[in-house]
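Below: one structure, written as structure tokens.
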Amino acid sequence: MHWRKLGIVYAPPGDRDWASSHAMVPTPLQISPEVIRVFVTFCDANGLGRPGFVDVDANDPTRVLRVSERPLLDLGAPGSFDENGLLTCSVLPMGGQRLFLYYAGFELGTKIRYRLLTGLAISDDGGETFHRHSSVPVLERSDQERHIRGGPWALLDQGVVRLWYVAGSDWIDLNGKSMPVYDLRYVESKDGVHFPSHGQIQLRVEEADEHGFGRPCVIRKPDGGFRLFYSVRRRSFAAYRLGYAESADGIHWRRMDAHLNLDVSPGEFDSDAIMYAAPIQIGEQLYVFYNGNHFGRDGFACARLERE
């Protein structure tokens, strides 16, 4: 695959208290023939994330049309699983003006650094406003997935909500810092609200150097089958790199990381890290939105597939 990087699309200018920095985990959804809405997580001065959106031109995804003036959701109530920030990961059309927004909530720990569990918010006006489905997660911790059940990505397929996510229960020490170990898993739901207590493992960390995957994104290929974009976290260095896989059924995957060919660029905003790639097919053109160094501190960028 050969990509043309189109550069940074949007970075917060710092004029809003709730969105003073970062534009993390870009999550695109075409809301009209002319507009792609890119849902992102902005951070306040304390590094706490709240979801918002950036509308871009579907014919030129580097052209910003509109930015949300208020957060789509605020921090969770004290003691809740998302009291320390929300990370938007997937937005699923459910018919009409209804959207399901799946997000990872941050809960700080004492004997572990944090938990990441999946929450659900619902919009009935096409993504202008959202409300929480519940103050507790829809992917709650379980015996098999005690600490991490986050990074959700959903597709609606013949009335079934198919959900890919990351999960794990273990931690390792990397240069004196405790880091989670998690793999990529899969569950299904009839209503997008009630999910099994644990998922089927789709991708395991394959190398001794790997210890986790970032938010997976799955889209259908125009000629059949599925594409999977994800991020890979390694023990040898903290920064993410991108991974890629293909599947006929969305369950059995063939890793093709080297085939993706979308990597860091020396001297640029993504010189040390590249992560959270989210694809969107617009007509004949495939785009990905992604973050670079420091988890999107410099905003989010876009790349266009030039050839397979």
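For the sequence shown, this note's numbering gives the first residue as -8, with consecutive numbering after it. The beta-carbon is built from N, C-alpha and C at its ideal position, and this holds for glycine as well. Note that the coordinates shown come from a computational prediction; the quantities given were computed from them, not determined experimentally.
Asp161 (DSSP reduced to helix, strand or coil): Along the sequence shown, read from residue 1 onward, the residue named residue 161 stands at position 170. Reduced to three states, the DSSP call for Asp161 is strand.
Assuming Glu250 is part of the alpha helix (DSSP H), what are its boundary residues? Locating residue 250 in the sequence shown gives position 259, counting from the first residue. Just to set this straight, residue 250 is His in the shown sequence, not Glu. Its alpha helix (DSSP H) spans residues Asp248 to Leu251.
Just to confirm the assignment: which complete alpha helix (DSSP H) runs, minimum length 4, are found wholly within the region 13 to 53? Counting only runs that start and end inside the region 13 to 53, there is no alpha helix (DSSP H) element of at least 4 residues.
Exposed unless 16 or more other CB atoms sit within 10 angstroms - verdict on Pro17: Taking the sequence shown and counting its residues from 1, the one referred to as residue 17 is at position 26. Classification of Pro17: buried, given that the 10 Å Cβ count is 16 or more.
Excluding the 5 residues flanking Gly290 on each side, which residues of the same chain have their C-beta closer than 6 Å to its C-beta? The residue labelled residue 290 in the question sits at position 299 within the sequence shown. Exclusion of the five residues before and after Gly290 leaves Ile(-1), Tyr1, Ala2 and Ala14 as the residues of its chain whose Cβ lies within less than 6 Å of its Cβ.
Ordered along the chain, which non-local residues of its own chain (more than five positions away) have a Cβ less than 7 Å from that of Ile22? The residue given as residue 22 occupies position 31 in the sequence shown. Hits under 7 Å: Arg28, Gly117 and Gly118.
Grab the span of the alpha helix (DSSP H) containing Phe286 for me, first residue to last. The residue given as residue 286 occupies position 295 in the sequence shown. Counted as a single uninterrupted DSSP element, the alpha helix (DSSP H) harbouring Phe286 occupies residues Asn284 to Gly287.
8 Å contact criterion, which Leu296 and Met(-8) should meet: CB distance rounded: In the sequence shown, counting from the first residue as 1, residue 296 sits at position 305. In the sequence shown, counting from the first residue as 1, residue -8 sits at position 1. 6 Å between Cβ atoms; contact.
Which ranges does the beta strand (DSSP E) cover as unbroken runs of at least 3 residues, wholly within the region 206 to 249, from first to last along the chain? Qualifying beta strand (DSSP E) stretches, in chain order: 217 to 225, 232 to 238 and 244 to 246.
Among Phe91, Gly96, Pro84 and Val82, nearest to Asp65 - alpha-carbon criterion: Looking up residue 65 in the sequence shown gives position 74. Of Phe91, Gly96, Pro84 and Val82, the residue nearest in Cα terms is Gly96.
Quick one: Cα of Ser125 to Cα of Phe228, how far? Position 134 of the sequence shown holds residue 125. Position 237 of the sequence shown holds residue 228. Their Cα atoms are separated by approximately 37 Å.
As a quick exercise: from Glu74, Ala145 and Ile163, pick the residue whose alpha carbon is nearest that of Val127. Taking the first residue of the sequence shown as position 1, residue 127 is located at position 136. Considering only alpha carbons, the answer is Glu74.
Please return the same chain residues whose Cβ sits closer than 8 Å to the Cβ of Asn284, not counting the five positions on each side in sequence. For this step, residue 284 is matched to residue 293 along the sequence shown. Same-chain partners within the cutoff: Ala230, Phe260, Asp261, Ser262, Asp263 and Ala264.
Could you tell me the alpha carbon to alpha carbon distance between Arg41 and Trp9, rounded to whole angstroms? Start at 1 with the first residue of the sequence shown, and residue 41 comes out as number 50. Start at 1 with the first residue of the sequence shown, and residue 9 comes out as number 18. Their backbone Cα atoms lie some 7 Å apart in a straight line.
Take the Cβ of Gly142 as the centre, count every other Cβ of all protein chains shown within 10 Å, and call the residue buried at 16 or more, exposed below. Taking the sequence shown and counting its residues from 1, the one referred to as residue 142 is at position 151. Its Cβ being crowded by 16 or more others within 10 Å, Gly142 is buried.
Glu98 CB to nearest heavy atom of the ligand FAD below 7 Å: For the ligand FAD, the structure offers nothing, since it holds no ligand at all.
His202, buried or exposed, once every other Cβ within 10 Å from all chains shown has been counted against 16: Reading the sequence shown from its first residue, position 211 is the one you call residue 202. Label assigned to His202: buried.
Considering Pro143, what are the terminal residues of the beta strand (DSSP E) in which it resides? For the purposes of this step, residue 143 is identified with residue 152 of the sequence shown, where counting begins at 1. Segment Ile139 to Asp148, the beta strand (DSSP E) holding Pro143.
If Leu219 and Leu233 are in contact, beta carbons under 8 Å, what's the gap, nearest whole angstrom? As a working mapping, residue 219 is identified with position 228 in the sequence shown. As a working mapping, residue 233 is identified with position 242 in the sequence shown. The beta-carbon distance between Leu219 and Leu233, rounded to whole angstroms, is 11 Å. This is too long to meet the 8 Å contact definition.
Could you have a look at Asp174 and say whether DSSP puts it in helix, strand or coil? Counting from one through the sequence shown, the residue named residue 174 turns up at place 183. Reduced to three states, the DSSP call for Asp174 is strand.
Output the residue ranges of the beta strand (DSSP E) runs that lie fully inside the region 257 to 298 and measure 3 residues or longer, sorted by chain position. Whole beta strand (DSSP E) segments, 3+ residues: 266 to 273, 276 to 282 and 291 to 298.
Tell me whether Ala112 sits in a helix, a strand or coil according to DSSP, three-state version. Residue numbering aside, residue 112 sits at position 121 when the sequence shown is read from its first letter. Of the three classes helix, strand and coil, the one that applies to Ala112 here is strand, per DSSP.
Consult DSSP for Ala95 and reduce its assignment to one of helix, strand or coil. For the purposes of this step, residue 95 is taken as the residue at position 104 of the sequence shown. Note: Ala95 maps to strand in three-state DSSP.
As a quick exercise: from Leu78, Arg104 and Gly216, pick the residue whose alpha carbon is nearest that of Tyr94. Reading the sequence shown from its first residue, position 103 is the one you call residue 94. For the residues Leu78, Arg104 and Gly216, the minimum Cα distance to Tyr94 belongs to Leu78.
Per DSSP, the bridge partner or partners of Lys(-4): As a position in the sequence shown, residue -4 is number 5, starting the count at 1. Bridge partners of Lys(-4): Ala294.
Beta strand (DSSP E) containing Ile103: first to last residue? On the sequence shown, residue 103 is found 112 positions in, with the first residue counted as 1. Segment: none, Ile103 is in no beta strand (DSSP E) and carries neither H nor E.
Own chain partners of Phe121 with C-beta closer than 7 Å, once the 5 adjacent residues on each side are dropped: Translated into the one-based positions of the sequence shown, residue 121 becomes position 130. Closer than 7 Å at the Cβ level, and outside the excluded window around Phe121, lie Leu63, Leu64, Leu92, Ala112, Ile113 and Ser114.
Going by the beta-carbon positions, is the gap between Phe204 and Val157 smaller than 8 Å? The count along the sequence shown starts at 1 and reaches residue 204 at position 213. The count along the sequence shown starts at 1 and reaches residue 157 at position 166. The Cβ atoms of Phe204 and Val157 sit closer than 8 Å to each other.
Going by other Cβ atoms of all chains shown within 10 Å of its Cβ, with 16 needed for buried, is His138 buried or exposed? Stepping through the sequence shown from its first residue, residue 138 is reached at position 147. Flag for His138 reads buried.
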